[in-house]
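Let me begin by presenting the structure, written as structure tokens, before commenting on it.
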Amino acid sequence: MSSTAHLSNTANLLVEIFVEELPPKALQKLGDAFADTLLETLRASDLAFAASLVTAYATPRRLAARVTEVASAAADQVVAQKLMPVAVGLDASGNPTPALVKKLAALGLDAQAVLPSLRRVADGKTENLFYDNLQRGATLAEGLQKALDAALGSLPIPKVMSYQLADGWRTVHFVRPAHGLVALHGENIVPVSVLGLHAGNTTHGHRFEAAAEPIMIESADAYAATLRDKGAVIASFIERRAEIALQLTEAATQAGMGLYPAKDEALLDEVTALVERPKVLIGRFEPEFLAVPQECLILTMKANQKYFPLLDADGKLTNQFLIVSNLSPADPAAIIGGNERVVRPRLADARFFFEQDQKKTLASRIAGLDKVVYHNRLGSQGERSKRVAAIAVAVAGKLGGEAGAVQEAARLAKADLLTDMVGEFPELQGVMGRYYARRDGLPEAVADAIEDHYKPRFAGDALPRGQVGRIVALADKLETLAGLFGIGQTPTGDKDPFGLRRHALGVIRLLLEGGLDLPLDALLETAEAQFSGAPGFAPASSALSAFIFERLFGLLREQGYTAEEVDAVLSLRPQYLADIPKRLAAVREFSNLPEAQTLAAANKRVGNILKKSEGVALKSPDPALFREPAESALLEALTAITPKADAAFAKGDYAASLQTLAALRAPVDAFFDMVMVNAEDPALRANRLNLLAQLRAAMNQVADLSRLF
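What follows is the structure, encoded as structure tokens:
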């Protein structure tokens, strides 16, 4: 029977595991993994098909999945089993040999009974015996049991719990204690068991909004609607999330035109995982709390209470916030009042920290950084701040100007680590430093740099808003990279505990986009110089430079450049990263020229020839040693074209530089057609190698053209 034949005997399948409250930050991953593995395993057992679709359901108290078009039993399959060569299995009369009898007996078969059904299949010069064994397809109960075991065994559980079953003897290991199992194929219960539970057709609704009695699910297709109507539960994580987002927007409009809930996708996911039927309510706090920097109030409401602060059209915090409740009473006043009472002490704490912090200047906290350990092999935060300041001043000196502001910003950048506010909310480091710097009367550029020196913190993050901030941010990241590479704390595999890949990308973006036109390797050497004499530190700028270029390669590929284009440019290790986009644009333009492929191939040939001649001292070719007109023609072309290409290169017009080289195609082709480079005469051979070296140098200023095709 084929898989297609089974479609007439299919029904939709529903599986639900009812549990105690699941970890909210992991809920969506748990739900998706459960559903996906269930479908994959059922397909592997030929119980689900290519057309079968899975819908994941996940609430704080359940993981469930609905799979369409699931067969009640898989089709039987004929499996051809190779036995042995005919010459070994049958004697001259065609009777089974003892070897064949023994083989068939091991399979539980009678040789005489199955002999007529054995097939002979030629395989080259050998003819083999095959037995076609009909294997029964798995029943849904068998296949679903296997799928459930696989799904639960592969769940990305953050932390496994152990608990005893009701019999007091057996111990189960799962993310949370499980109390119910539903398995329905259409309207029929599938007899499976997991976690000490046997499948049925009843579940439970909302803990508070539904009746305590079990809810019967009449069929797999009725699951979501039954839970919504009788259980007060929106089973789908995606649907519940969309409902919360809609209610947040509606509540913001109700609170006042032009008000918006603070955007936070992670918080939206978390509250979706905390409620089964959401109800968004509006709360308020006393306006005087708004004297505290809004970042502090927003963070305490979101992190501690899971509230969505309401902002005005300019992004300024108001004294209203949105609560995502798991209850929908007729009169929500008690819920709103309770949440307002809970948030008030949190806001009062934030105000207290802010007021206490302002009793000391940032400058007065600098000495305390000497007591804060940065790394046991790299010293304190105080020592680190001095290194960052030294690097920043050196960078400012190379760029010209603002050295005083740069030094002050770098010296104060870590001072807010010692404030009460940052101690309570580490996420506010830099942010609070800016507030306190402005209060201390420091220049705006310095205050901005204190906040911005952590930027860019992640992919897509903004760069520091001014030159002072960009210099300090660059210095901070260079110090981190140089220091940790110097003591061997480099990333391995997917492990990067110090975020060095992120710091490397920050350096790249600051040099590529931030207007800091400085050579990379010189910057790394400047950073390493600040660790001179540090115990156990060994310069590793070469490895660090390679690490940064690896990150740069990946970043440029993400931006749409081909691997060949990026390889051609980065293989030259250009030191001024801001030039790289222009080089890549020039290479792409050059690649479209009719001469491009020929010149690239010639360049590759030249490179291979010169590679085999390593150790030969190269110098300018001597025209007196030329024997072929093609040699003279190539040198004449180089003499005429190279100055033009060099002039364009010096002006940064890389496209013009490469296009000028297109005129070399004819003399290069003629050279390779007419000239034997590896002549027997050593002087002649060396002179031709010198000519090729000059050609390669002229062609590969912008990029290594040999890597383009």
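The opening residue of the sequence shown carries number 1499 in the numbering used here; numbering runs sequentially from there. Positions of the beta carbon are idealized from the N, C-alpha and C atoms, including for glycine.
Could you name the residues of the same chain whose beta carbon sits closer than 8 Å to that of residue i, not counting the 5 residues immediately before and after it, in chain order?
i: ALA1503; result: Confidence in ALA1503 is poor, its pLDDT being 40 and thus under 50, which makes the residue's placement too unreliable to answer from.
i: ARG1559; result: PHE1516, VAL1517, GLU1518, GLU1519, LEU1520, HIS1702, ARG1705, GLU1774
i: LEU2016; result: VAL1893, LYS1896, LEU1897, LEU2009, TYR2074
i: ARG1999; result: PRO1989, ARG2049
Are the CB atoms of residue i and residue j nearer to each other than 9 Å?
i: ILE2078; j: LEU2054; result: yes
i: PRO2119; j: ASN2185; result: yes
i: GLN1856; j: LEU1867; result: no
i: ALA1562; j: HIS1683; result: no
i: GLU2129; j: VAL2166; result: no
i: ALA1749; j: PRO1759; result: yes
i: ARG1844; j: MET1799; result: yes
i: ALA2061; j: SER2204; result: no
i: ALA1973; j: ALA2025; result: yes
i: LEU1808; j: ALA1753; result: yes
i: ALA1801; j: PHE1923; result: yes
i: ALA1472; j: GLY1928; result: As shown, the chain starts at 1499 and ends at 2207. That puts residue 1472 outside it, with no answer to give.
i: PHE2045; j: LEU1876; result: no
i: THR1557; j: PHE1735; result: yes
i: ALA1603; j: ALA1611; result: no
i: VAL1870; j: LEU1916; result: yes
i: LEU1815; j: GLN1792; result: yes
Suppose the cutoff is 6 Å on Cβ atoms and the five residues either side in sequence are ignored; what does the same chain contact list for residue i look like?
i: PRO1654; result: LYS1527, ALA1531
i: GLY2004; result: PRO1954, LYS1975
i: TYR2059; result: LEU2082
i: HIS2001; result: LYS1975, THR1978, LEU1979
i: ALA1743; result: none
i: PHE2207; result: GLN2095, ALA2098
i: ASP1630; result: VAL1576, ALA1578
In the DSSP assignment, find the unbroken alpha helix (DSSP H) run with residue i in it and report its ends.
i: GLU1640; result: 1638-1651
i: LEU1998; result: 1998-2011
i: PRO1843; result: 1831-1855
i: TYR1952; result: No alpha helix (DSSP H) contains TYR1952, which DSSP labels as neither H nor E.
i: ARG2211; result: Nothing can be reported for residue 2211: it is not among the residues displayed for the chain, which extend from 1499 to 2207.
i: ARG1882; result: 1879-1897
i: GLY1967; result: 1965-1984
i: THR1859; result: Looking at the DSSP string, THR1859 is not in any alpha helix (DSSP H), and its letter there is neither H nor E.
i: ALA2027; result: 2018-2027
i: ALA1908; result: 1901-1910
i: VAL1920; result: 1918-1922
i: ALA1489; result: Shown here, the chain extends from 1499 to 2207; a query on residue 1489 therefore has no answer.
What did DSSP end up calling residue i once you bin it into helix, strand or coil?
i: GLY1931; result: helix
i: MET2172; result: helix
i: ALA2195; result: helix
i: SER1691; result: strand
i: TYR2147; result: According to the sequence as given, residue 2147 is Phe; it is not Tyr. If DSSP states are grouped into helix, strand and coil, PHE2147 belongs with the helices.
i: ASN2101; result: helix
i: GLN1987; result: coil
i: LEU1627; result: strand
i: LEU1961; result: coil
i: VAL1944; result: helix
i: LYS1993; result: strand
i: LEU2182; result: helix
i: LEU2123; result: helix
i: ARG1871; result: Here residue 1871 is Val; the residue named in the question, Arg, does not match the sequence. Looking at VAL1871 - three-state DSSP - the assignment turns out to be strand.
i: LEU2132; result: helix
Just to confirm the assignment, what range does the beta strand (DSSP E) spanning residue i have?
i: SER1660; result: 1659-1662
i: ARG1782; result: 1777-1782
i: PHE1819; result: 1815-1823
i: ASP1561; result: Here the sequence assigns Leu to residue 1561, which means Asp is not the residue at that position. 1560-1569 is the span of the beta strand (DSSP E), which, as asked, contains LEU1561.
i: ALA1676; result: 1676-1683
i: VAL1513; result: 1508-1517
i: VAL1552; result: 1552-1557
i: PHE2208; result: As shown, the chain starts at 1499 and ends at 2207. That puts residue 2208 outside it, with no answer to give.
If I measure Cβ to Cβ from residue i and keep anything under 7 Å in the same chain, skipping five residues before and after, which residues do I get?
i: TYR2152; result: LYS2080, ARG2081, ALA2084, VAL2200
i: LEU1537; result: ALA1546, SER1550, VAL1552, VAL1565
i: VAL1690; result: ALA1639, LEU1642, GLN1643, LEU1646, ALA1681, ALA1697
i: ARG1842; result: PHE1783
i: PHE2189; result: What sits at residue 2189 in the sequence shown is Leu, not Phe. Cβ neighbours of LEU2189 beyond the five flanking positions: PRO2119, GLU2129, LEU2132, LEU2133.
Hey, does residue i have any beta-carbon neighbour from chain C nearer than 9 Å?
i: THR1539; result: Going by chain labels, chain C is absent from the structure shown, which holds only one protein chain.
Exercise. Fully enclosed by the region 2031-2083, which alpha helix (DSSP H) runs are 4 residues long or longer?
Worked result: 2039-2056, 2061-2068
For this session: List in chain order: all unbroken alpha helix (DSSP H) runs of 4+ residues lying wholly within the region 1572-1625.
Result: 1584-1587, 1596-1604, 1609-1612
Exercise. Which ranges would you report for the beta strand (DSSP E) in the region 1730-1810 if only whole runs of at least 3 residues count?
Worked result: 1777-1782, 1806-1809
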